[in-house]
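Numbering (our numbering), first residue to last: 32 to 799.
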C-alpha cells in the first residue's frame, strides 16, 4: 500500500489555488517572523522567481509565495527609530477611540509631528487628569515626554512594543492636562467623528435601558466594548469555554446579516438585491465595532459565500476562508501576532475542516424531538470543530484549555442567536420611544442574567480548565498536519485508516501538551529568573524538579510567567508585606493549586499593605499552608540545592522593611543572596559570601552599604527596578558596586542566572 501525500497538493493546485496560495503565504509569514531578514528572504524570492521563469512550473508559483511572505513580514517588522525627549511640542490627529488605562486616557495619534518635524510613525499618547475626552479626528497639541516602547520584559510575556507597532505606533508620549495646549475638534463632517457620536449614543442608550449588571455585557455583545465587563464575568466566560460569545465575530455578524437580509426581503426585494442592500450596513457595523480582524473576516466570508451562490459556483469553505485571510495579511502581516486574528481564523479553520454537513434521515423532519436532537447535534458538531481548530491558539495565548466547553456552547450558542437580535431590537426601539425599549429590555435582561449564570456555573465545574504551557512550534506543526489528514479535504489514497490514526494523533498531542510542564521543569543545578515586574521583586527559582518563587511582584506578571512556561510553584517565599513584593500572591492563588507560603517570623508584626492582606487571606482561604522561618532554618530545594535563612531572628526590629526575610539559595560552590528591602541599618547582620546578590530595596541609597558588600563580595548584582520617582537605583549604590557585574530588570528585562553544582555561573537576559 502507498500513501500518496502529493495527490492532495496537486488537487488543491487545480481546485483550490487561492487556498493553497494563502497557506504558502501564511507559512512564509510565520517563517519570516521566526527568522526575520529582509535581504535573505528577498534574495530567496528572487531566486525562486528566476526558477519560475526558467522552468515555468505551476508549483513554483506557490513556492514563490513562501519567501515573498517572509520578506514582506521582515520588512514590516522594521520599526522606525523615533526621538526620545523629556519635553517636546507634540501635535497629531486622534486616530482611535480614547481608552482608559490605569487611570489615564490613551489615544493613538496619526500625522504626528515633534517640534514641527513629521514623525515616521503613529504615536500612542497617554493623557493624565483630562476631563475632556478628545474625539477621533480632533487635533491635539501638547508639551509631552516621549519614549520608545520596550519589548517583552519576561520570556513569553506581553510585548508592548510589538502590540503598538501592529497599530503603526513606534513611539509613546505622555502629558498632563496642564501640558495640553489645544484640542481642536474636527471640522465639517468626519466619518470618524460620526462613528464616535454613534458609539456614544449607543452607550447612552445601553446605560439608560439596562441595569448596571447587564449593561457591560450588552456593550460587549453589541459594540465590542468589554471595558464595562467585570473581571469575574470575563473570567467565568473564558473558563467555561464561551468567551468567544462575548467577542463580536462571525456569530454576531452572521446573525445581523440574516436579520438585515430578512428585513429587506420583507420589503419585496429579491435575495440578491437584499444582499447588496445589507452589505453597506454590515460594513458600517464593522467600522462601528472597531473593524477587528474577526469582524472583517466574518464580513468577507459572508460576502464571498453569497457572491459564489449568485454566480452559480459551489460554495467552498477553504477558498472563502483564504479569500478573507489573504487581504488582511497583505495589508498587515503582523496580524499573525494578534490573538483575535489567530483565534478567529483557527476556529473557522476547524469548522471548515470538521463541521461539514452530515446527511440526516428524511424522517427527522417529521418528529419535533428528532428535529431538536438534530439541532443539538449540529451545534455540538460545530462547537467541537471550532474548538479543535482553536486549541493551539488557546493554549498559546491563554495557557488554558476549557474542558467543559461542549455542553456550555450547546446551551449558550443558540441562546446567543436569539439574544443578539433581541438586543438590537431593544436599542432600536429605545431610540424611537424609550418606554418601548425599557419594556423590551425586561425579557432581554432575564436572558442576559441566565446567560451569565450558566457561564458562571460552568466556571465553577470541577476541572473547568486545564493549565498548559505555550505550545512549541513543532507541536503546533504536528497538530496542524494531523488535523488536515483527519479532515475530508485530505482524501488520502492507499491508506484507509489514515484519517482515524490522524484523529488519534490529535488527541495524543493534546494529551502531550498537558504533560509538557513535567518535561520543561527540569534544569541542571539551580536556575534563577529575576522577573521584570516593574518597581517590585519577583524571582523564579528552578531546581531539578521543583519550582519556587521568592517574592511575587505586585500584579500577575509572576503568575503569567509560570503559566506561559508551563510551570507550577512548589513553594512561595515572601520577604515582607509590601505589595510590590507580595501582592502577586493573589494571582497565584487564582491560577494554581495550593503550595506552602514561607514568611519570616516577623511577618505582619508591623502590619501588611492592604493589597497584601487581601492576597494573604485569599491564599489562606484557598488552603495554602503558611510556614514561618527564622534565622538558621534550612530547606532542601533539591538534592544539590538548599535555601538558608539568615535574618530575621527572634529579636526582630521594628518596621516592615527592617524585618525583610534574608535567605540564600546555594548550589555547590555558588550562592544567590536575596535581601528583600533590607535597609543599610540592618545590613550589619552577619551575611554569607555569595556569587549573586539581589540588591536590596531596588537600589535605594539607604541600602547596599560598603560593610555588607565587604561581607558578601558578589560577582554579580541584580537590581529589580522599574520606572519610579524615587531615584532607584541611586548613583551612590551603582558607585559602590563598581567592579561587580550589574544587571537591571528595567534595562535587561528578565535576568536568568544558572548555577551548577560544579561552580559554573551563567547569565542571560531577555532584552538584547
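Glycine included, each C-beta is placed from N, C-alpha and C at the ideal position.
* Classify residue 793 as helix, strand or coil using the three-state DSSP reduction. => Residue 793 falls in the strand class under three-state DSSP.
* Assign residue 304 to one of three DSSP states: helix, strand, or coil. => Three-state result, residue 304: helix.
* Which residue's Cα is closest to the Cα of residue 423: 541, 665, 318, 247? -> Looking at the Cα atoms, 541 is the closest of the given residues.
* **Buried/exposed call for residue 32, threshold 16 Cβ in 10 Å** => For residue 32, the predicted structure reports a pLDDT of 41, less than 50, and the residue's modelled location is therefore unreliable. The matter cannot be settled from this model.
* Asked: With burial defined as no fewer than 16 other Cβ atoms inside 10 Å of the residue's Cβ, what is the status of residue 307: buried or exposed?
  -> Taking every protein chain shown into account, the CB of residue 307 has fewer than 16 other CB atoms within 10 angstroms, so this residue is exposed.
* Grab me the residues of residue 130's own chain with a C-beta within less than 7 Å of its C-beta, minus the 5 sequence neighbours each way, in chain order. => Listed in chain order, the non-local C-beta contacts of residue 130 below 7 Å within the same chain comprise 137, local neighbours out to five positions each way being set aside.
* What residue does the beta strand (DSSP E) around residue 207 start on, and which one ends it? -> Segment 200-207, the beta strand (DSSP E) holding residue 207.
* Asked: Just how far apart, CA to CA, sit residue 808 and residue 768?
  -> This structure cannot settle anything about residue 808, because the visible part of the chain is limited to 32 through 799.
* Ignore the nearest five residues each way along the sequence and tell me which others in residue 432's own chain have a CB closer than 7 Å to its CB. => These residues qualify, in order along the chain: 422, 425, 426, 496, 497, 499.
* **Residues near residue 241 in its chain [Cβ-Cβ closer than 7 Å; skip 5 each side]** => Cβ within range, chain order: 249, 472, 476.
* To the nearest angstrom, report how far apart residue 694 and residue 188 are at their CA atoms. => Between the alpha carbons of residue 694 and residue 188 lies a gap of roughly 28 Å.
* **Buried or exposed (CB count within 10 angstroms, at least 16 for buried), residue 155** => A residue is called buried once 16 or more other Cβ atoms fall within 10 Å of its Cβ, and residue 155 is buried on that count.
* Just the Cα atoms here: how many angstroms apart are residue 34 and residue 429? -> With a pLDDT of only 47 at residue 34, under the threshold of 50, the placement of this residue in the model should not be trusted; the figure read from the coordinates follows. Cα to Cα, residue 34 sits roughly 37 Å from residue 429.
* **Buried versus exposed call for residue 400 [16 or more other C-beta atoms within 10 Å across all chains shown]** => Around the CB of residue 400, fewer than 16 other CB atoms lie within 10 Å, so the residue is classed as exposed.
* Can you grab the Cα-Cα spacing for the pair residue 335 / residue 469, in whole Å? => In a straight line, the C-alpha of residue 335 is about 38 Å away from that of residue 469.
* Apply the 10 Å Cβ neighbour rule to residue 292 and answer buried if 16 or more other Cβ atoms are within range, or exposed otherwise. => Burial is judged here by how many other beta carbons sit within 10 angstroms of a residue's own beta carbon; residue 292 has at least 16 and is buried.
* Asked: Looking at residue 365 and residue 179, is the spacing between their C-beta atoms short of 8 Å?
  -> In this structure, residue 179 sits away from residue 365, with a CB-CB distance that is not shorter than 8 Å.
* Asked: Within the chosen definition, does the segment 621-638 reach the segment 595-608 through at least 3 CB pairs nearer than 8 Å?
  -> Yes: at least three Cβ pairs fall under 8 Å.
* Which residue's Cα is closest to the Cα of residue 145: 348, 172, 744? -> Proximity to residue 145 across 348, 172, 744 peaks at 172, based on C-alpha coordinates.
* Asked: What's the gap between the Cα of residue 671 and the Cα of residue 703?
  -> C-alpha separation (whole angstroms): 14 Å.
* **CA-to-CA distance, residue 184 to residue 190, given in whole angstroms** => Distance between the alpha carbons of residue 190 and residue 184 is about 7 Å.
* residue 33 (DSSP reduced to helix, strand or coil) -> The predicted model places residue 33 with a pLDDT of 49, which falls under 50 and marks its position as unreliable; any figure quoted below should be read in that light. Coil.
* Under three-state DSSP, which class holds residue 411? -> If DSSP states are grouped into helix, strand and coil, residue 411 belongs with the helices.
* **Selected residue, minimal CA-CA separation from residue 719, among 373, 700, 116** => Of the listed residues, the one whose Cα sits closest to residue 719 is 700.
* **Terminal residues of the beta strand (DSSP E) in which residue 520 lies** => Annotation for residue 520: no beta strand (DSSP E) segment contains it, and DSSP assigns it neither H nor E.
* Neighbourhood of residue 95 by C-beta, 7 Å cutoff - its chain only, sequence neighbours within 5 removed -> Here the set comprises 76, 79, 80, 83.
* **When 67, 436, 380, 338 are compared against residue 53, the one with the closest alpha-carbon** => If we check each option's Cα against that of residue 53, 380 comes out closest.
* Name the two residues that bound the continuous beta strand (DSSP E) containing residue 674. => Note, residue 674: beta strand (DSSP E), 672-678.
* Alpha carbon to alpha carbon, what distance is there between residue 725 and residue 793? -> For residue 793 and residue 725, the distance between alpha carbons rounds to 16 Å.
* If residue 583 and residue 557 are in contact, beta carbons under 8 Å, what's the gap, nearest whole angstrom? -> So it is not a contact: roughly 19 Å between Cβ atoms.
* Beta-carbon proximity of residue 585 to residue 614, cut-off 8 Å -> Between residue 585 and residue 614, the C-beta spacing is below 8 Å.
* Tell whether a beta-carbon distance below 8 Å holds between residue 646 and residue 616. => The answer is yes: Cβ separation under 8 Å.
* The alpha helix (DSSP H) spanning residue 107 covers which residue range? -> Per DSSP, residue 107 belongs to the alpha helix (DSSP H) from 89-107.
* From residue 109 to residue 600, what distance separates their C-alpha atoms? -> Roughly 38 Å between the two C-alpha positions.
* **Between the CA atoms of residue 487 and residue 474 - distance to the nearest angstrom** => Rounded to whole angstroms, residue 474 to residue 487 spans 20 Å at the Cα level.
* With DSSP run on the structure shown, which of helix, strand or coil describes residue 425? -> In this structure, DSSP gives residue 425 a helical state, which the three-state scheme calls helix.
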